[in-house]
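Note sheet for the following structure.
The following block contains the structure:
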């Protein structure tokens, strides 16, 4: 049947990145779930900073993207079920780890879907970054009574500030934007430091810790300077947790300093889908219990047709920005 003749219920809208900085929203036929899959009628998708390098159009990037491509922070309602799926039902509201979620519908393996409880009805739930925050926190080993520095207070950094403070740690939040520092205070940071001068920050942390520096430092920016700074702020036998997404080429490290201080260095990025899903389920429970409240952190919301604006805002981070969502 010609797509133009299909009933409206059998069509979906999907964003396609056609070139650097350019998006087209097109109508496509609804995909049908295969064995072990479900189809999710998406309510929205978070905008991830990892999209920004493909969005800029590096040499390795291929355009146009697949329909809905780059989107992986979707949530919505299951509306079709493939053969062999027994743990999900039509009508279940879910967070889905799928990879074409800049669209009104996407397919996901049933194992990559987590059911949202009734208490979260009506709330956006970009599961992948929420799960990342839980996994990073789990890898950090933060305990009550420790001093923790968090460098970079974006969406993930703000959630980590809340989790660390709730665990009883003294959090020193470091960020370049005054708005982010205000958010960090609301999330429970005991101290905030503007990220504007490398040596002054080191001296400020030295003073705040009586010369001991920090039990744990989480680098959540993904740039060379914050990585350099993070090592300087960790105490001897401290832990350096790399949560920033370093996607723009090689990094240099001060191995002499890392060796001399005997740092434990944790790359807090996961690649095991089961670990991703465990983090998402932990995030669902944390939000349900009120241990974290991400709702105030969703600062910019766009329709699918303005995905380009959502990506540009994520890149430019204007005052008051923390996390963009596209909603359908």
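Numbering (UniProt numbering), first residue to last: 1 to 328.
For glycine and all other residues, C-beta sits at the position ideal for the given N, C-alpha and C.
Taking all protein chains shown into account, do 16 or more other C-beta atoms lie within 10 angstroms of the C-beta of residue i, making it buried, or fewer, making it exposed?
i	result
residue 4	Its pLDDT being 37, under 50, residue 4 is placed unreliably in this model, and the value from its coordinates should be taken loosely. Its Cβ having fewer than 16 others within 10 Å, residue 4 is exposed.
residue 274	exposed
residue 65	buried
residue 249	exposed
residue 333	Residue 333 is absent from the structure shown; the chain starts at 1 and stops at 328.
residue 75	buried
residue 118	exposed
residue 128	buried
residue 239	buried
residue 195	buried
residue 318	exposed
residue 86	exposed
residue 252	exposed
residue 35	exposed
residue 226	buried
residue 297	buried
In whole angstroms, what separates the C-alpha of residue i from that of residue j?
i	j	result
residue 164	residue 218	11 Å
residue 152	residue 241	13 Å
residue 139	residue 84	34 Å
residue 123	residue 327	11 Å
residue 47	residue 201	30 Å
residue 102	residue 197	38 Å
residue 60	residue 50	15 Å
residue 7	residue 68	Note that residue 7 scores a pLDDT of 47, beneath 50, so its modelled location is shaky; the value from the coordinates is reported in the next line. Approximately 21 Å between the Cα atoms of the pair.
residue 77	residue 63	30 Å
residue 280	residue 154	19 Å
residue 52	residue 40	25 Å
residue 303	residue 14	12 Å
residue 1	residue 28	Because residue 1 sits at a pLDDT of 29, beneath the cut-off of 50, its placement in the model cannot be relied upon, and the following sentence gives the value as read from the coordinates. Cα to Cα, the separation comes out at about 13 Å.
residue 169	residue 228	23 Å
residue 245	residue 81	34 Å
residue 96	residue 247	24 Å
residue 270	residue 208	33 Å
residue 32	residue 290	36 Å
residue 272	residue 278	10 Å
residue 179	residue 315	16 Å
residue 125	residue 160	17 Å
residue 145	residue 167	9 Å
residue 231	residue 181	21 Å
residue 221	residue 305	28 Å
residue 162	residue 263	24 Å
Candidates the options: which alpha carbon is nearest residue i's?
i	options	result
residue 295	189, 91, 324 and 319	324
residue 267	107, 69, 135 and 72	135
residue 235	108, 160, 75 and 212	212
residue 215	224, 223 and 205	205
residue 243	158, 52 and 306	158
residue 121	137, 99 and 43	43
residue 71	170, 57, 99 and 54	99
residue 130	293, 109, 221 and 316	293
residue 12	237, 104, 223 and 171	104
residue 322	36, 109 and 184	184
residue 110	262, 210 and 37	37
residue 10	162, 156, 79 and 232	79
residue 56	260, 17, 221 and 137	17
* Asked: Residue ranges of each beta strand (DSSP E) run of no fewer than 3 residues wholly in the region 77 to 110, ordered along the chain?
  -> 93 to 96 and 105 to 109
* Asked: Do the region 307 to 319 and the region 18 to 34 make contact, defined as three or more Cβ pairs closer than 8 Å?
  -> yes
* **Touching by the beta-carbon criterion (3+ pairs, under 8 Å), the region 104 to 124 and the region 280 to 287** => yes
* Taking contact to mean at least 3 C-beta pairs separated by less than 8 Å, is the region 164 to 184 in contact with the region 135 to 150? -> yes
* Every unbroken beta strand (DSSP E) within the region 217 to 273, with a cutoff of 3 residues, ordered by chain -> 234 to 242 and 264 to 267
* To do: For the region 16 to 78, list the alpha helix (DSSP H) runs that are entirely contained and at least 4 residues long, ordered along the chain.
  => 52 to 56
* **Every unbroken alpha helix (DSSP H) inside the region 152 to 200 [4 residues or more]** => 155 to 166 and 178 to 186
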